[in-house]
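Numbering (my numbering), first residue to last: 789 to 943.
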């Protein structure tokens with residue numbers, strides 16, 4: 789018997805298992821199942837600037853949020869019958885930002901399917917839900933108008 793623990797951040801998901809070890813005393817072991825890294829890795833750059841008096845200023849820039857290849861995780865859902873982890877993220881790598889739904893295998897963390905959302909507003913609140921073969925995307929824009937889009941998975 790084990791308990792799954794999911795830690796979620798903006799660009800990183802990690803699934804951990806809390807397993808009961810077979811021994812005389814109840815002891816537990818925490819082990820890592822898989823990790824999803826949604827960030828396109830780019831190292832920060834160190835820039836050198838000079839003041840008007842000629843003094844040298846070194847600054848390291850990690851442009852995580854200004855990086856055009858940055859993906860932000862907005863919502864996560866788990867479908868228990870299919871054992872699938874559903875991740876909704878925004879992808880800013882293209883000219884126009886778009887939403888991406890990723891379906892991941894819950895046991896291994898491998899990407900099963902990824903699709904781009906057609907109805908997307910970058911500044912809106914987004915949520916995702918999945919039940920069997922139906923995915924529901926709910927979006928609330930800045931003027932508090934709701935938009936619900938239902939997707940059906942086909943075999």
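All C-beta atoms in this analysis are idealised placements derived from N, C-alpha and C, irrespective of residue type, glycine included.
Quick one: residues in its chain with C-beta nearer than 7 angstroms to the C-beta of residue i, no 5 flanking neighbours on either side, listed in chain order?
{"i": "residue 818", "result": "804 and 806"}
{"i": "residue 936", "result": "924 and 926"}
Could you give the residue range of the beta strand (DSSP E) that holds residue i?
{"i": "residue 893", "result": "886–893"}
{"i": "residue 876", "result": "872–879"}
{"i": "residue 904", "result": "899–904"}
Let me check one thing: in DSSP terms, what residues is residue i bridge-paired to?
{"i": "residue 940", "result": "922"}
{"i": "residue 845", "result": "837"}
{"i": "residue 916", "result": "925"}
Taking the beta carbon of residue i as the centre, do at least 16 other beta carbons fall within 10 Å, making it buried, or is it exposed?
{"i": "residue 900", "result": "exposed"}
{"i": "residue 873", "result": "buried"}
{"i": "residue 905", "result": "buried"}
{"i": "residue 916", "result": "buried"}
{"i": "residue 875", "result": "buried"}
{"i": "residue 808", "result": "exposed"}
{"i": "residue 840", "result": "exposed"}
For residue i, which residues of its own chain have a beta-carbon under 6 angstroms away from its beta-carbon, when the five flanking residues on both sides are left out?
{"i": "residue 903", "result": "889"}
{"i": "residue 939", "result": "923"}
{"i": "residue 918", "result": "865, 867 and 874"}
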